[in-house]
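Residue numbers (our numbering): 901 to 1342. Beta carbons are placed, not taken as given, at the ideal position from N, Cα and C, and that holds for glycine.
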Amino acid sequence: MGTPGGQQHVGRRQVLRLATGAAGGCVLGASACDVIGGTAEKAKPPARTPLWTFPLLDEDGGVKGINDAVTVHHDGVLYVRSKKDGLYAIDAATGRERWRAPLAGAQPGAPAVTSRAVFVATDGGAVHALRTTDGAQIWRQLPGGRLREPSAGNLWAGGSVVMVSFQPFTYDEDRNPPPIVLYALDMENGNLLWQTEASVLEVRDGLAYVNPPDASLTALDPRTGAVRWSAPPEKPGGRCTLDASAAGLLFGRNGNVGIGSKLVAYDPRTGDVRWTAPAAHASVPVAHGDAVYVSAPGRRRGDEQQLQAFDAASGRRRWTAPAFATTLNESPFIAADGEGAYLCWNEDVSFDDDRTRLRAHAADTGRQRWRGERWESSYGADAAPGNLLFISYLRDWYCHDAGTGEALWRVGVGEGTAGLPPIVADGLLYFVNEAGVHAVRP
């Protein structure tokens, strides 16, 4: 499911080397990208010049943004975190700074935004409510102040409640590490409504979905903290996740690497399980339209994982296709649109070399539409309107034609490394990393 900013958060790992094309393809040199069913392309497509760039660099040219921090777009404004300067509000159309709130020790969790206020966490377990118009402080509370060096997750705002989980610092030798604590605050004044040991996963449709210490998927009333329903892990050591929604259902994984896992479809009102299917726990399910996609382990040890396409409502499996990975501790990134599903797989070929392998499959049949490879690390993939596919490589964001696989253009990262795939809003694309924000027209 998305983060508060609307993006799927993906970790830093994934990409490539070169192989021989199949029938209808071509064999290219190591500096090129092989596209089956398409045409050979140069090592790098042309660079797209941003409409504007908002740098996050200090006086010495060092980056001061927060690596992998989620930027939130709301009502024509981008809210961007900084290590030193707190929170920036940037006009999404022009790139001009509207205001800056100098909050020391800004945490990497995504802020939550309403029409009136933006809520952000800082060091020491503090939560701030700032006016969206000028950044002036409405209130400040310290719900996690008694925790040991707490770090914050994403903040969520729903109804009249703001929710955030703080994780205390843990030493390697801690046999019983302190639990993550979830705090629910009144949106008007920041007063504590209730707290419990849990990490908040999502707030939507009048419910807060959390992971308590028992690793279940539990739905709470945001105002009172009362449990509406709870789905426990099936096996000891397992964990329930919440990853996607489609056809009026919620989708998550139940299990863990090494003990097996399932894709589970839940009724969001009751927690009843509608259907399940095998899944690799490292594979994050992705839903689009009436379909949900996830990788499953191969039949035998060492076999490739299999990308599976399911009818979201019924659980009927529509097709399967090979999914690169041969172990259970990692899986390719999955992206999807109305035309198909896309795999992005990062391989450690040698100590010095990584390669990214891409493959596209038709949504209705699973037929391979194209495939590609590039000798570079990648961090994530996402599909966007206009038949576009974005890949986050080490030093560039690439825009591919989702129908052919051709790399159309790229955006260089400048300092630092590429961040998550772009935010799509108001007809523009926003590329964000720790060095700044770049706005690009599709």
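*With DSSP as the reference, please indicate the residues paired to histidine 1261 in a beta bridge.*
Residue numbering aside, residue 1261 sits at position 361 when the sequence shown is read from its first letter. Answer is Ala1241, Gln1268.
*With distances taken between CB atoms, is the gap from aspartate 985 to proline 1011 smaller than 8 Å?*
As a working mapping, residue 985 is identified with position 85 in the sequence shown. As a working mapping, residue 1011 is identified with position 111 in the sequence shown. Taking the C-beta atoms as reference points, proline 1011 is found no nearer than 8 Å to aspartate 985.
*Secondary structure at isoleucine 936, three-state DSSP: helix, strand or coil?*
As a working note, residue 936 is residue 36 in the sequence shown. No answer about isoleucine 936 holds up, because its pLDDT of 47 lies below 50 and its placement is not dependable.
_Length of the line joining the Cα atoms of glutamate 1334 and proline 1232_ = Along the sequence shown, one-based indexing puts residue 1334 at 434. Along the sequence shown, one-based indexing puts residue 1232 at 332. Straight-line Cα distance between these residues: approximately 24 Å.
*Taking the alpha-carbon positions, what's the leucine 1101 to proline 1285 distance?*
Position 201 of the sequence shown, counted from the first residue, corresponds to residue 1101. Position 385 of the sequence shown, counted from the first residue, corresponds to residue 1285. Computed Cα separation, rounded: 26 Å.
*Just the C-alpha distance for proline 1185 and glutamate 1239, rounded to the nearest angstrom, thanks.*
On the sequence shown, position 285 is the one that residue 1185 refers to. On the sequence shown, position 339 is the one that residue 1239 refers to. Each residue's alpha carbon lies about 17 Å from the other.
*Apart from the five residues on each side of it in sequence, which residues of its chain come closer than 6 Å, Cβ to Cβ, to valine 1332?*
Translated into the one-based positions of the sequence shown, residue 1332 becomes position 432. Contacts found: Thr971, Gly1319.
*Determine the DSSP secondary structure at isoleucine 990, reduced to helix, strand or coil.*
Along the sequence shown, read from residue 1 onward, the residue named residue 990 stands at position 90. Secondary structure at isoleucine 990: strand, using DSSP grouped into helix, strand and coil.
*Decide if the segment 1284-1300 is in contact with the segment 1315-1329; the criterion is three or more beta carbon pairs, one per stretch, under 8 Å apart.*
The answer is yes - the segment 1315-1329 touches the segment 1284-1300, with three or more Cβ pairs under 8 Å.
_Buried or exposed, going by whether 16 or more other CB atoms sit within 10 Å of the CB of proline 946?_
Residue 946 sits at position 46 when you count from the first residue of the sequence shown. Classified as exposed, proline 946 has fewer than 16 neighbouring CB atoms from the shown chains inside 10 Å of its CB.
*From this set, Ala1281, Phe1251, Asp1248, which residue's C-alpha is nearest alanine 1260's C-alpha?*
As a first step, residue 1260 must be located in the sequence shown, where it is residue number 360. For the residues Ala1281, Phe1251, Asp1248, the minimum Cα distance to alanine 1260 belongs to Ala1281.
*Taking 8 Å as the threshold, find out whether the segment 1118-1135 comes into contact with the segment 1154-1169 through three or more Cβ pairs.*
Below 8 Å, enough C-beta pairs join the segment 1118-1135 and the segment 1154-1169 to call them touching: three or more.
*Under the rule that 16 or more other beta-carbon atoms within 10 Å means buried, what is arginine 1341, buried or exposed?*
For the purposes of this step, residue 1341 is identified with residue 441 of the sequence shown, where counting begins at 1. Exposure of arginine 1341 is indicated by the presence of fewer than 16 other C-beta atoms within 10 angstroms of its C-beta.
*Considering glutamate 1276, what are the terminal residues of the beta strand (DSSP E) in which it resides?*
What you label residue 1276 is simply residue 376 of the sequence shown in a count that begins at 1. Neither: glutamate 1276 is in no beta strand (DSSP E) and is coded neither H nor E.
*Sequence-distant residues of its chain with Cβ nearer than 7 Å to alanine 1115 (five each side left out)*: In the sequence shown, residue 1115 corresponds to position 215, counting from 1. Hits under 7 Å: Pro1133, Gly1138, Arg1139, Cys1140.
_aspartate 1023 in three-state terms, based on DSSP_ = Within the sequence shown, the letter at position 123 stands for residue 1023. Coil.
*What separation, rounded to the nearest whole angstrom, lies between the Cα atoms of alanine 1052 and arginine 1267?*
Within the sequence shown, the letter at position 152 stands for residue 1052. Within the sequence shown, the letter at position 367 stands for residue 1267. Taking the straight line joining both Cα atoms gives about 43 Å.
*Can you list the alpha helix (DSSP H) stretches of 4 or more residues lying completely in the segment 1033-1068, in chain order?*
The segment 1033-1068 is shown to contain no whole alpha helix (DSSP H) run of 4 or more residues.
*Simplified DSSP assignment, three categories, for glutamine 1205*: Residue mapping note: residue 1205 aligns to position 305 of the sequence shown, counting from 1. Looking at glutamine 1205 - three-state DSSP - the assignment turns out to be coil, as it is neither helix nor strand.
*Rounded to whole angstroms, what's the CA-CA distance from isoleucine 1159 to arginine 1201? Just pull it up for me.*
Locating residue 1159 in the sequence shown gives position 259, counting from the first residue. Locating residue 1201 in the sequence shown gives position 301, counting from the first residue. Rounded to the nearest angstrom, the two C-alpha atoms are 14 Å apart.
*Nearest candidate by alpha-carbon position, reference arginine 1216, set Ile990, Ala1165, Asp1143, Leu978*: Reading the sequence shown from its first residue, position 316 is the one you call residue 1216. In terms of CA proximity to arginine 1216, Ala1165 leads the group Ile990, Ala1165, Asp1143, Leu978.
*Kindly indicate which three-state DSSP category alanine 1012 falls into: helix, strand or coil?*
Along the sequence shown, read from residue 1 onward, the residue named residue 1012 stands at position 112. Alanine 1012: strand per DSSP, three-state reduction.
_Are the CB atoms of leucine 1258 and leucine 1243 within a distance shorter than 8 Å?_
Start at 1 with the first residue of the sequence shown, and residue 1243 comes out as number 343. Start at 1 with the first residue of the sequence shown, and residue 1258 comes out as number 358. For leucine 1243 and leucine 1258, yes; Cβs fall inside 8 Å.
*Decide yes or no for the touch test of the segment 1035-1043 against the segment 985-1001: beta carbon pairs closer than 8 Å, at least 3 of them.*
With the cut-off at 8 Å, the segment 1035-1043 and the segment 985-1001 touch.
*Is the distance from the Cβ of phenylalanine 954 to the Cβ of valine 1337 below 8 Å?*
Taking the sequence shown and counting its residues from 1, one reaches residue 954 at position 54. Taking the sequence shown and counting its residues from 1, one reaches residue 1337 at position 437. Taking the C-beta atoms as reference points, valine 1337 is found nearer than 8 Å to phenylalanine 954.
*Exposed unless 16 or more other CB atoms sit within 10 angstroms - verdict on threonine 949*: To locate residue 949, count along the sequence shown from 1; it is residue 49. Under this definition threonine 949 is an exposed residue.
*What does a CB cutoff of less than 6 Å around proline 1068 pick up in its chain, not counting 5 residues either side in sequence?*
What you label residue 1068 is simply residue 168 of the sequence shown in a count that begins at 1. Correct list, in chain order: Leu1047, Arg1048, Pro1050, Pro1078.
*Under the rule that 16 or more other beta-carbon atoms within 10 Å means buried, what is tyrosine 1083, buried or exposed?*
To locate residue 1083, count along the sequence shown from 1; it is residue 183. Tyrosine 1083 counts as buried, since at least 16 other C-beta atoms from the protein chains shown sit within 10 angstroms of its C-beta.
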